[in-house]
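K.L.:
Numbering (the working numbering), first residue to last: 5 to 229.
Even glycine gets a Cβ: it sits at the ideal position worked out from N, Cα and C.
The following block contains the structure:
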């Protein structure tokens with residue numbers, strides 16, 4: 005099984021890329037989706053986050069209020085580290101289960117959509133590493149529209165992340181989502197053709213082990229505590 009790494013910046017339009025990949029029948033292991041699912045009320049992640057932050061982050065129905073939690077961790081590195089320590093073990097456990105399930109059901113190609121792919125070093129193991137990018141102007145405008153915030157707040161959110169230019173330098177393939185939908189669609193279609201060219205027997209056998217090695221690099225880097 006060939007395991008491809010996919011990442012991007014905030015509001016760069018990665019969801020449009022993943023939607024096209026899914027439409028083409030390529031399975032995805034989506035870390036953002038997993039993070040939401042494992043932190044639902046009653047789930048293991050939900051219990052760990054409550055243990056770390058208390059009941060103040062809950063909404064009226066007992067679910068974690070993502071806005072409250074976001075405000076709490078935005079400018080506080082210690083709080084972000086605490087959140088990572090509470091959620092990452094659960095998220096990675098589920099991701100590994102999904103990956104192994106795809107392997108056992110004979111899927112030869114899967115894309116791992118991981119926000120911190122570059123930051124934690126997992127891109128060394130998940131190849132090719134695909135980065136979705138866009139112009140700074142487009143990123144700010146999209147973030148303002150998506151979150152209903154002003155330009156200053158959008159710039160602060162962008163500044164809190166790894167710069168896109170640095171991610172591009174680590175990428176094997178860059179998808180520039182600054183232009184029209186059709187331009188992005190054409191780039192993704194070329195990516196799909198490239199990924200479907202084939203997978204070696206070595207990759208079929210050892211890719212899941214490489215993914216586990218990537219998790220090990222995450223732990224060694226000190227991000228998962």
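Report the CB separation of residue 143 from residue 15 in whole angstroms; it is logged as a contact under 8 Å.
P.N.:
Yes, they are in contact, since the Cβ atoms of residue 143 and residue 15 sit about 5 Å apart, within 8 Å.
K.L.:
Determine the DSSP secondary structure at residue 133, reduced to helix, strand or coil.
P.N.:
Strand.
K.L.:
Using three-state DSSP, classify residue 16 as helix, strand or coil.
P.N.:
Correct three-state label for residue 16: coil.
K.L.:
Are the CB atoms of residue 8 and residue 132 within a distance shorter than 8 Å?
P.N.:
Closer than 8 Å, so yes.
K.L.:
Closer than 8 Å by C-beta to residue 87: which residues in its own chain qualify, once you throw out the five before and the five after it? Chain order, please.
P.N.:
If we look at residue 87 and ignore the five residues flanking it on each side, its Cβ neighbours are 53, 56, 57, 73 and 77.
K.L.:
So residue 12 and residue 188 are supposed to be a Cβ contact under 8 Å. How far apart are they, rounded?
P.N.:
Actually they are not in contact, since the Cβ atoms of residue 12 and residue 188 sit about 12 Å apart, beyond 8 Å.
K.L.:
Between residue 206 and the rest of its own chain, which residues show a CB-CB distance below 8 Å, the 5 nearest in sequence each way excluded?
P.N.:
The predicted model places residue 206 with a pLDDT of 47, which falls under 50 and marks its position as unreliable; any figure quoted below should be read in that light. Closer than 8 Å at the Cβ level, and outside the excluded window around residue 206, lies no residue.
K.L.:
Do the region 102-119 and the region 28-41 meet, that is, are 3 or more Cβ pairs less than 8 Å apart?
P.N.:
A contact exists between the region 102-119 and the region 28-41.
K.L.:
In this structure, does DSSP put residue 114 in helix, strand or coil?
P.N.:
Residue state, collapsed to three classes: strand.
K.L.:
Check each candidate in 96, 10 and 63 and name the one with the smallest Cα separation from residue 49.
P.N.:
Comparing Cα positions, the closest option is 96.
K.L.:
Starting from the C-beta of residue 26, find all residues in its chain whose C-beta is less than 7 Å away, skip the five residues before and the five after it, and write them out in chain order.
P.N.:
For residue 26, where only same-chain residues beyond five positions count, the Cβ hits under 7 Å are 32.
K.L.:
Out of 64, 23 and 182, state which residue places its alpha-carbon closest to the alpha-carbon of residue 139.
P.N.:
Minimum Cα distance to residue 139 is reached at 182.
K.L.:
For the alpha helix (DSSP H) holding residue 76, just list the boundary residues, first then last.
P.N.:
First-last of the alpha helix (DSSP H) with residue 76: 70-77.
K.L.:
Among the candidates 59, 28, 67 and 63, whose CA atom is the shortest distance from the CA of residue 42?
P.N.:
When only C-alpha atoms are compared, the closest one is 67.
K.L.:
Does the beta-carbon distance from residue 190 to residue 179 come in below 8 Å?
P.N.:
For residue 190 and residue 179, no; Cβs fall outside 8 Å.
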